[in-house]
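K.L.:
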Amino acid sequence: MVTLNDIDNVDKTKYRLTGRSVLSYRFIAPHSETLYIGDIKKIVDTTKGLTFFAKITDLSHDSNFADPKWDTRPFSEQFYGLGEDVFITVDAVPLGFVDAGGKFHKARTIPSKFSTVEEPTADDFMFLTRQMGEIEVGLMRSGQDVIRDVAVRIPAKVLPQHMGVFATTGMGKSNFMKTFCASCMKEKKFGLLIVDPHGEYVNGGKSSTGEPTKGLIHYTGGRDGLSVFTIRGETDRKKYGMNKLYLDYDDFRISDLSILHDLSQPQYDIIEALSRAGGKEIIEFFENVDPEIFPIKDTGNQPVRENTLTYQIRNSMAGPVRVIKRHIENLVNGNKAFFRPQGSSMQEIITDLHDNNVVLIDIPDMGERSELFVLSVITRMIMAKHRSEARGYGIDERQESSHQILITIEEAQRVLSAGGSSTQIFRECAMEGRKFGVGLCVITQQPKNVDPKVLAQINTFIVMGLGDRGDREIIMGSAKQDLSKMEIEIQTLDRGEAIISTIGIPFPVSTRIHKFEDYINELNREKKTRITDGLASGF
Amino acid sequence: MTAPASYEDSVDQALRRIIGHIPEDLVEKFARESGITKDDIHPIPPGLSGTVSAIDGSNTMIAEGGSITLAAIRAVRTTFSGNVRSSRSITPITLVTIGPGHRNIDFDELYRDCFGIPPHKGLDNADPERASAIFRDTLEYWVALQTAKTLPEGALLLLDGALRVSSQNHEPVLSDIIRTAQERSLLLAAVAKRTSATWGGGHPLLPAIAGLAEQLGMTGSWWTKIDEHIPDHAGYSPGRHGELYIASLHPQSRRPLKMELPKGTDEQAAAATMQALAACAGDGRIPGYPYPLLDAHRSVVIDEPLAMQILQDIKSGLSKLGMQNRTFEDLFGDLHGDFERY
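The listed protein sequences correspond, in order, to chains A and B. First residue of the first sequence? That's 191 in my numbering, and the numbers climb one at a time after it. First residue of the second sequence? That's 25 in my numbering, and the numbers climb one at a time after it.
(1) Evaluate contact between the region 333-349 of chain B and the region 285-298 of chain A, counting only Cβ atoms and requiring at least three cross-stretch pairs below 8 Å.
(2) Assign phenylalanine 277 of chain A to one of three DSSP states: helix, strand, or coil.
(3) Can you give me the Cβ contacts of arginine 702 of chain A inside the same chain, cut-off strictly under 7 Å, excluding the 5 residues immediately before and after it?
(4) Does leucine 285 of chain B come out as helix, strand or coil in the three-state DSSP assignment?
(5) Taking the Cβ atom as the reference point for each residue, do tyrosine 315 of chain B and leucine 281 of chain B lie within a distance shorter than 8 Å?
(6) Output the distance between the C-alpha atoms of aspartate 723 of chain A and glycine 627 of chain A, rounded to the nearest integer angstrom.
(7) Name the chain A residues that come within less than 9 Å of tyrosine 315 of chain B, Cβ to Cβ?
(8) In chain order, what residues of the same chain lie with their CB nearer than 6 Å to the CB of leucine 156 of chain B, ignoring the 5 residues before and after it?
(9) Which residues in the same chain have their Cβ closer than 8 Å to the Cβ of serine 305 of chain A, if we skip the five residues on either side of it in sequence?
(10) Indicate the three-state DSSP secondary structure (helix, strand or coil) for lysine 249 of chain B in the structure shown.
(11) Give a yes or no on whether the minimum CB-CB distance between threonine 243 of chain B and chain A is below 8 Å.
(12) Determine the closest residue to glycine 323 of chain A out of A:Ala341, A:Gly333, A:Asp313, with distance taken between C-alpha atoms.
(13) With respect to the beta strand (DSSP E) encompassing cysteine 631 of chain A, which residues constitute its N-terminal and C-terminal limits?
(14) State yes or no: is the beta carbon of phenylalanine 255 of chain A nearer than 8 Å to at least one beta carbon in chain B?
(15) Count the C-beta pairs between the region 173-189 of chain B and the region 123-142 of chain B that are closer than 8 Å, then say yes if the count reaches three, no if not.
(16) Residues of chain B with CB under 8 Å from aspartate 196 of chain A, in chain order?
(17) Quick check on DSSP: helix, strand or coil for proline 255 of chain B?
(18) Note down the Cα distance separating asparagine 149 of chain B from isoleucine 86 of chain B, rounded to an integer number of angstroms.
(19) Determine the direct distance from the alpha carbon of alanine 244 of chain A to that of threonine 248 of chain B, and round the result to whole angstroms.
(20) Going by C-alpha to C-alpha distance, which of B:Arg278, B:Gln299, B:Ile233, B:Asp327 sits closest to valine 51 of chain B?
(21) Enumerated in chain order, which unbroken segments of the alpha helix (DSSP H) with a length of 4 residues or greater are wholly contained in the region 56-84 of chain B?
(22) Thinking C-beta only, is leucine 134 of chain B closer than 8 Å to glycine 81 of chain B?
(23) Return no unless some Cβ of chain A is closer than 8 Å to the Cβ of aspartate 307 of chain B.
(24) Using a C-beta to C-beta distance shorter than 7 Å, which residues of chain B count as neighbours of threonine 193 of chain A?
(25) Got a sec: which bits of the region 156-179 of chain B sit with their beta carbon under 8 Å from any beta carbon on chain A, in order along the chain?
(26) Between A:Asp257, A:Gly209, A:Val348, A:Asp684, which lies nearest to isoleucine 648 of chain A when the distance is taken from Cα to Cα?
(27) Please tell me whether asparagine 83 of chain B has its Cβ less than 8 Å away from any Cβ of chain C.
(28) Does DSSP put leucine 249 of chain A in a helix, a strand or coil?
(29) Using the rule of at least 16 other Cβ atoms within 10 Å of the residue's Cβ for burial, across every protein chain shown, is isoleucine 553 of chain A buried or exposed?
(30) Within 8 Å of any Cβ in chain A, is that where the Cβ of aspartate 319 of chain B sits?
(31) With a threshold of 8 Å on Cβ separation, who are the neighbours of glycine 395 of chain A within its own chain once the five nearest residues in sequence on each side are excluded?
(32) Comparing the C-beta of aspartate 137 of chain B with each C-beta of chain A, is any distance below 8 Å?
(33) I'd like the span of the beta strand (DSSP E) that includes glutamate 326 of chain A, first residue to last.
(34) With respect to the beta strand (DSSP E) encompassing lysine 339 of chain B, which residues constitute its N-terminal and C-terminal limits?
(35) One question on the structure: do lysine 287 of chain B and histidine 257 of chain B come within less than 8 Å of each other, judged by their Cβ atoms?
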């Protein structure tokens, strides 16, 4: 019996896996479908009982027609069946797969041919939620949308293994950092140091797009996780409960000058010669010394005593000594607001960091040199303290029990560029800090200007929109997870969006960073609820 | 004709032949001899596309042996309403054997299955290619007949090719299709993808009529009926059930189509058919060709990958039945396969 069978008019060729390899997926979607780079799709392999996840990395128009110019030929008034033979080819990069037991694995196998491509739900990401850390910064993003119930939380334990925040101006860097700080204040898993020369972290200000912003003190629920050291007046300090910032002369080392100034070799020789001297001694020496006596050739009637500072630089020329003297005078005079002969906040700062607080050094209107000076002094002292503690405990034991500190460096290319031996303390911190529980939070909009050796030490990458191809390539080459397939997504990241790649989370996660103001409002509400709960149980 | 002495001579000879078929005054000559005037070329007014069903079939050789040939056939119907495909139906791929012997057994069975009666003449296995095409036509006519019985009044039924049978077995079937279409007030046309029609002793018909239409200032879509005395070999044509029309169905199409409408179609019905055809000939890929037929062709074609898959299925089945590949090669193989390896 001859039969005429209806062909199903439903097009089943779309949204099923057609390609291609373990590391590269491909499927087609109707030509009219709205898809976005970064969309996450679920690939259900019923044959093997596995659920794969993939992220869309590229979209292109395609068709089944053999004529490659079908769409540019004239007279194209209409096309029947456009939706069947004309489609969007979707390239996706695998994120991994979940087995029947709910365990996540890296993509070491390939889904069966024609596995269906579906939209994931929050429940599908339960495995991810379990692997997330503590420091919440946003919600997982799939293309243009967020997956509401999947919060992105960076594991605190990996942060002292350095973190990099890479973004051009206006991409939401400051908002990210404040949100990150708020989470750190809430969780108190490690100490976080921030030196703020613009005074925007404390009580807000204006964003780079001119919008008014709030500051960390507005997160009242997490106030006990914040210590502010400031040079502001007493009224402000009392109002916001801030500490007065002081560094004393002995906190200073002459080597700090090399971070603040480009020194010539003769000047650097002086720095090296005097590197062991205390800060107070150095400052007093240069206050009183007459550079013109150098070099000291004849010590006949009034010989220069050995072991004095003068003796140590007796062969220097007058010029370099004059320059160093001027630099020190400028340092002392320019930082009078917090730099004084005696009395320092350093001990308190370190203690607060060890209490896992966010320590904010608030030095508004002080300029770049002051910021680097403070940062240099504190970093050096933290490193010294942690080193000595490590020597006391033994490194292995110390790693188990130590305080963890993350030091934030804004515009990090200033102090971590390739070949900059003058910024030794930050370099040491980048290379060895993790052994002593000291990590760097490297913030830069020019990662290509940061020493690749430093980038290689970073385990957590926060990538927030980089317009420069060179910057993107550096980041993709340095991240611990493969970001190479995500270049288009990085290129098209919008303000407030980020790709977070860290060794604690199984794959790079696209994230919509919480808006700081909304986030702290939420946190403040949570805190209040907890207090109410406590009262109820207390009575 | 003398055999050319070299390849270059051969090319020159071929060029002279081609030029000889298309004289410089082709259009003027055609206008003079055909007597066609502007009044005979009718513009096609724009219209909305109604219901159109297109029928097409496909046949391909799967395995050819000295005494037995295996062919695959199938037919399809695709229906559009208002430019949108509303349904598509296809017969399963059917494998038919051609040979051994003279009379084809499979054809008798297929014919009986399709039309409920035995073929009055049967099919000769002598020419497997032709036999395979007749098998395909059988399925196509069956689908066309089913469609003619069910299409709504006023719909257009489109066949691929011509209203002419290649086998006497199909005479009553095509007649039945045409009669059913007329009884049910359907529009019926068969559209040829290409034509060998000539006039005046070998001049191609389509370029002549296209040139004449252009010379007469026809800018939009148009159609004309070709009087039966114009084409060469216009005398008795066995199996012919249609009359010849030429139409340009799209203003931007440079290539008119040869088509056939049932004998006796009046001018009003012909105009309505042409309007319905033009309404579904605007697809950007092949403007001027009715896209339901394009869709039918793309749906039904048994292409090389599919033919290979069928061959593999056959080999696999034979293997399960215990036949060695060597036996298969003995039956169906030839040395061309060996040649292709080198």
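Where a beta carbon is used, it is the ideal one built from N, C-alpha and C, also for glycine. These numbers were taken from a predicted model, which means no experiment stands behind them.
P.N.:
Walking through what the data contain:
(1) no
(2) strand
(3) Gly328, Leu329, Arg331, Val336, Gly686, Glu687
(4) strand
(5) no
(6) Per-residue confidence for aspartate 723 of chain A stands at a pLDDT of 49, beneath the threshold of 50, marking its modelled position as unreliable; the derived number appears in the next sentence. Using only the alpha carbons, I get a separation of about 36 Å.
(7) Gln268, Phe269, Tyr270, Gly271
(8) The sequence given here has serine at residue 156 of chain B, not leucine. Excluding positions up to five away in sequence, the list reads Asn83, Ala95.
(9) Arg206, Leu207, Ile233, Val234, Asp235, Thr236, Thr237, Phe242
(10) strand
(11) no
(12) A:Ala341
(13) 628-634
(14) yes
(15) no
(16) Ser111, Arg112, Ser113
(17) strand
(18) 16 Å
(19) 59 Å
(20) B:Ile233
(21) none
(22) no
(23) yes
(24) Thr115, Pro116
(25) Leu163, Trp166, Val167, Gln170
(26) A:Val348
(27) No chain C is part of this structure, whose protein chains are labelled A and B.
(28) strand
(29) buried
(30) yes
(31) His388, Gly389, Pro402, Thr403, Gly405
(32) yes
(33) 325-332
(34) Counting along the chain, lysine 339 of chain B falls outside any beta strand (DSSP E), though it belongs to the alpha helix (DSSP H) covering 328-344.
(35) no
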